[in-house]
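Residue numbers (our numbering): 104 to 399.
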Amino acid sequence: MSLTTKEGERSMNPIQEKPQKPRKGRWLIGLLVLLIAGMAYFVWRLSSVTNAFADGFQSPEMAAAQYADRTVYGELGGVLVAIPPHFAEYVEYNGDSGGGKRKGPKPVRTKESKLMSFGFDVRYPDMVGKDTSERREDYRNRKLRTTTWIRVGLGSGEIYNGPGVINRRTKNALARKLDPNQKSPWERYEKLGRNEYGLDVYVLKGNNPADGVPYRESRNAKDIFVGGDAGGHALAYIDCDSQSILNPLCQHEFDLAPKMHAYVRLIYRRGLLSEWKNIQDEVTKLVLNFAMDGQK
Numbered sequence: 104m105s106l107t108t109k110e111g112e113r114s115m116n117p118i119q120e121k122p123q124k125p126r127k128g129r130w131l132i133g134l135l136v137l138l139i140a141g142m143a144y145f146v147w148r149l150s151s152v153t154n155a156f157a158d159g160f161q162s163p164e165m166a167a168a169q170y171a172d173r174t175v176y177g178e179l180g181g182v183l184v185a186i187p188p189h190f191a192e193y194v195e196y197n198g199d200s201g202g203g204k205r206k207g208p209k210p211v212r213t214k215e216s217k218l219m220s221f222g223f224d225v226r227y228p229d230m231v232g233k234d235t236s237e238r239r240e241d242y243r244n245r246k247l248r249t250t251t252w253i254r255v256g257l258g259s260g261e262i263y264n265g266p267g268v269i270n271r272r273t274k275n276a277l278a279r280k281l282d283p284n285q286k287s288p289w290e291r292y293e294k295l296g297r298n299e300y301g302l303d304v305y306v307l308k309g310n311n312p313a314d315g316v317p318y319r320e321s322r323n324a325k326d327i328f329v330g331g332d333a334g335g336h337a338l339a340y341i342d343c344d345s346q347s348i349l350n351p352l353c354q355h356e357f358d359l360a361p362k363m364h365a366y367v368r369l370i371y372r373r374g375l376l377s378e379w380k381n382i383q384d385e386v387t388k389l390v391l392n393f394a395m396d397g398q399k
């Protein structure tokens with residue numbers, strides 16, 4: 104968003120005008136602009152809960168697929184599913200392009216068509232969607248600081264990299280971030296000696312030489328949390344915004360294999376991090392219940 108003042112317009116005019124003396128109260132205008140920018144930022148943060156799946160999660164036929172008025176059928180990670188309308192937004196099948204272009208005509212969809220991605224919002228802990236006017240109203244009126252609405256995105260089909268994808272992604276990410284030769288201060292992490300909510304914790308290392316403030320306390324910082332099993336395999340990879348910002352969010356990824364060859368990405372406010380394991384279990388049960396009779 105850009106704001107152009109009349110003075111700004113005059114300054115770009117080739118006809119030069121007599122210089123204007125600084126007006127009293129101009130600092131109030133600047134403060135107002137900052138407040139508007141701040142409000143716009145937090146609106147954007149809220150909208151990111153809904154739109155955070157742009158890479159591989161938004162459909163080229165978004166307008167037609169969002170809030171579909173009928174059940175969506177297909178194969179999700181090897182399982183035939185019937186997805187209720189309120190849990191089927193931004194639906195993509197194998198062959199769809201996130202860039203909005205398709206080579207050739209749209210294929211006929213059947214109950215065996217392979218799903219690639221879709222998303223939805225669900226309220227925790229009752230795990231209901233936006234299937235009634237009351238629940239849609241509750242979603243619209245949610246508050247950033249207290250909301251329990253969670254954004255869910257699923258990836259399968261041709262964008263799924265096989266069972267263990269979260270474990271591999273976690274190992275690769277940590278190898279890079281814990282590398283003592285890592286040059287970027289925003290990628291240089293260390294593991295804390297304590298555990299939070301059953302999760303290993305990794306934070307940015309060192310202080311910013313410009314002001315002496317720890318990098319982990321910066322507004323740009325991300326804290327990383329990893330949940331694993333007794334064998335050391337990562338089962339959940341979570342990165343959360345720094346607690347120094349007003350309404351930090353967490354992005355939480357996990358794999359549904361072997362029951363479904365699909366991965367899940369959740370976005371929720373950081374205040375729900377302590378519930379991560381139950382949230383993961385409840386979302387898993389919800390998705391597995393999309394399976395058609397005989398597939399469960």
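Built from N, CA and C at the ideal position, the CB exists for glycine as well. No experiment lies behind these values; they were computed from the predicted model shown.
**Study point:** DSSP state of F156 mapped onto helix, strand, coil
**Key:** For F156, the pLDDT reaches just 39, beneath the cut-off of 50, and the residue's location in the model is therefore unreliable, although a value from the coordinates is still provided. The three-state secondary structure of F156, taken from DSSP, is coil.
Legend entry - Through-space distance from Q398 to H336, alpha-carbon basis: 28 Å
For F221 and Y193, believed in contact at Cβ under 8 Å, the rounded distance: 6 Å
- [ ] Keeping to the same chain, check which residues put their C-beta closer than 7 Å to that of R245; ignore five residues upstream and five downstream.
- [x] Once the five neighbours on either side are set aside, the close Cβ partners of R245 are W252.
Worksheet item: Applying the criterion that 16 or more other CB atoms from any shown protein chain within 10 Å of the CB defines a buried residue, is D234 buried or exposed?
Response: D234 sits exposed, since fewer than 16 C-beta atoms from the chains shown fall within 10 Å of its C-beta.
With a threshold of 8 Å between beta-carbons, can T273 be considered close to chain D, or not? This model lacks chain D altogether, as it is built from one protein chain only.
Counting only the same chain and skipping the five closest in sequence on each side, list residues whose C-beta sits under 7 Å from that of T107. With a pLDDT of 36 at T107, under the threshold of 50, the predicted position of this residue should be treated as unreliable, and no value is reported.
Return helix, strand or coil for D384, following the three-state DSSP convention. helix
Given this structure, state the Cα-to-Cα distance separating G296 from L218, to the nearest angstrom.
41 Å
| request: Identify whether E293 lies in helix, strand or coil by the three-state DSSP scheme. | output: In the three-state reduction of the DSSP assignment, E293 falls in the strand class, which pools E and B.
TODO: May I have the straight-line CA-CA distance separating A278 from L376, to the nearest angstrom?
DONE: 24 Å
Exercise. Report all residues from its chain with a CB closer than 7 Å to the CB of M395; omit the five preceding and five following residues, and keep chain order.
Key: L183, V184, A185
Open item on the list: I'd like the ranges of any alpha helix (DSSP H) spanning at least 4 consecutive residues and lying wholly in the region 267-293.
Closed with: 268-280
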